[in-house]
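Chains R and F are the protein sequences, given in the same order. Heads up, the first sequence is in the working numbering, so the first residue is 1161 and it goes up one at a time. Heads up, the second sequence is in the working numbering, so the first residue is 1161 and it goes up one at a time. Contents: one structure, followed by commentary.
There are 2 protein chains.
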Amino acid sequence: MEYQEAKEKFISTWGSLGTMWGINKAMAMIQALLFVSTKPLSMEDIMEELQISRGNTSMNLRQLMDWGIVTKEIIPGERKEFFTTEKDVQELARQIAKERSRREIQPVIKVLKEVSSIKDDKTDKTKELIKQTKALHELTENADKMLNKLINQEQNWLTKSLFKLIK
Amino acid sequence: MEYQEAKEKFISTWGSLGTMWGINKAMAMIQALLFVSTKPLSMEDIMEELQISRGNTSMNLRQLMDWGIVTKEIIPGERKEFFTTEKDVQELARQIAKERSRREIQPVIKVLKEVSSIKDDKTDKTKELIKQTKALHELTENADKMLNKLINQEQNWLTKSLFKLIK
DNA sequence: ACAAACTTTCAATAATTATTGAAAGTTTAA
DNA sequence: TTAAACTTTCAATAATTATTGAAAGTTTGT
Chain R
1161 MEYQEAKEKF ISTWGSLGTM WGINKAMAMI QALLFVSTKP LSMEDIMEEL QISRGNTSMN
1221 LRQLMDWGIV TKEIIPGERK EFFTTEKDVQ ELARQIAKER SRREIQPVIK VLKEVSSIKD
1281 DKTDKTKELI KQTKALHELT ENADKMLNKL INQEQNWLTK SLFKLIK
Chain F
1161 MEYQEAKEKF ISTWGSLGTM WGINKAMAMI QALLFVSTKP LSMEDIMEEL QISRGNTSMN
1221 LRQLMDWGIV TKEIIPGERK EFFTTEKDVQ ELARQIAKER SRREIQPVIK VLKEVSSIKD
1281 DKTDKTKELI KQTKALHELT ENADKMLNKL INQEQNWLTK SLFKLIK
């Protein structure tokens, strides 16, 4: 497999992985492209390489910046804006975990807490609803705590912890 | 908040959480409904409660069974089929983790391995592609190993491990 | 202040994904 | 063996989500 083919394969695989986990294809592909690029890319570069429109590129770059995994680079003497992504996989993982926790897991935990706190009227169905949502609430909260722990540790904590768990 | 409202809130929240993580709404809602139900439900029951069509119900129940988190119950004297979901959150989490690993993570690991193994022609861009996909490969493989570890342990291992990590 | 070089916005459109419902298929009881 | 009771399948349709492209907005250099 040659460079170009390998690169395209990587980008499109990353794109479809994104789709499977609720992240849009263009967004995932832009990040993948930046991730293996040796230098910052302009909007033109990205549009060209991925064959997507200016609007699409602009919107998805913005989202990636909102997620904190892509940053604008000012290149002296250039009028265009250039973009790079976080190159360190650990940091990338932490950032994504952090954002998904904040945006998606927290609101669900909130609802689970509310629902599991309704007044127990002693009927079977109410007891079951409370019991089951409480169990889910605990599980979700634990998983999320772990995720947050990962997020707030220094660089290599994740790898070390995983290693301890695995061996 | 009363029982009915709480139940509906739980089901629809679970449904939209599903959507955010690439699982379709009806599938997530059916699972949620079964999860808080005190007894097995028939297709009619599910259609009625969630206001979805027979075809939709049938297809999504099938998927849930393929995922191994819903099972058919035979109720003596009843002609209809009845369904239940795994009621234990630990087991549910393990089953979902197992399936998502098998279906989605493994194929990506395979591609990352392929791409990171291309011939190094000593150009900067090839070196960067190899380096970055290799890093991603390692991270993904570690995370997946942990997931698999969780899957193959006895019941309470997950909670215990998480607890150890958190404290 | 102007205009060239750029980026953003957003209504229109396309692509994808989910849902319906009726026909075909299956199972069961008599 | 028949037919009622039920489930599955799948082409048609609806709903959702992503993408385009051109107009509006912004920034920069002169």
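For each residue, glycine too, the CB sits at the ideal point set by N, CA and C. Nothing here was measured: the structure is a model prediction, and the numbers come from that model.
query: Spatially closest choice to F/I1265 from F/L1201, F/L1296, F/F1195 and F/A1186, by CA coordinates; result: F/L1296
query: Expected contact under 8 angstroms - CB spacing of F/M1180 and F/N1220 to nearest Å; result: Contact flag wrong, Cβ pair sits at about 17 angstroms.
query: Rounded straight-line distance, which links the Cα of F/R1262 to that of R/S1197; result: 30 angstroms
query: As assigned by DSSP and simplified to three states, the class of F/S1176; result: helix
query: Validate contact between the segment 1240 to 1256 of chain F and the segment 1271 to 1279 of chain F using beta carbons, cut 8 angstroms, 3 pairs; result: no
query: Under 8 angstroms from the C-beta of F/M1219: neighbouring residues of chain R; result: Near F/M1219 there are no residues of chain R at all, since even the closest Cβ is about 19 angstroms away, more than 8 angstroms.
query: CB contact below 8 angstroms: F/Q1191 versus chain R; result: no
query: Residue environment, F/Q1164, which counts as buried when at least 16 other CB atoms sit within 10 Å; result: exposed
query: Cβ of R/A1186 within 8 angstroms of any chain F Cβ; result: no
query: Paired residues, beta bridge with R/F1242 - DSSP; result: R/S1202 and R/E1233
query: Interface flag, F/A1257 vs chain R, CB-CB below 8 angstroms; result: no
query: Own chain, CB closer than 8 angstroms to R/G1182, minus 5 neighbours either side, in chain order; result: none
query: Secondary structure of R/N1302, DSSP reduced to three states; result: helix
query: Chain F residues whose Cβ lies nearer than 9 angstroms to that of R/W1150; result: Not covered by the structure: residue 1150 of chain R. The range shown for chain R is 1161 to 1327.
query: Integer-rounded CB distance, given that R/E1246 should sit under 8 angstroms from R/I1234; result: With 8 angstroms as the limit, R/I1234 and R/E1246 do not qualify as a contact, their Cβ atoms being about 18 angstroms apart.
query: Nearest to F/M1306 (by Cα), restricted to the options F/A1257, F/M1189, F/K1279 and F/D1248; result: F/A1257
query: Neighbourhood of R/I1212 by C-beta, 7 angstroms cutoff - its chain only, sequence neighbours within 5 removed; result: A1186
query: C-beta atoms of F/M1136 and F/R1214 nearer than 8 angstroms; result: Only positions 1161 to 1327 of chain F appear in the structure, and residue 1136 of chain F is not among them; the question remains open.
query: Closer than 8 angstroms to chain R by CB, F/K1282; result: no
query: Sequence-distant residues of its chain with Cβ nearer than 7 angstroms to F/G1178 (five each side left out); result: N1184, K1185, M1187 and A1188
query: CB contact flag (F/F1170, R/T1231, <8 angstroms); result: no
query: Proximity below 8 angstroms, CB of F/L1289 to CB of R/K1167; result: yes
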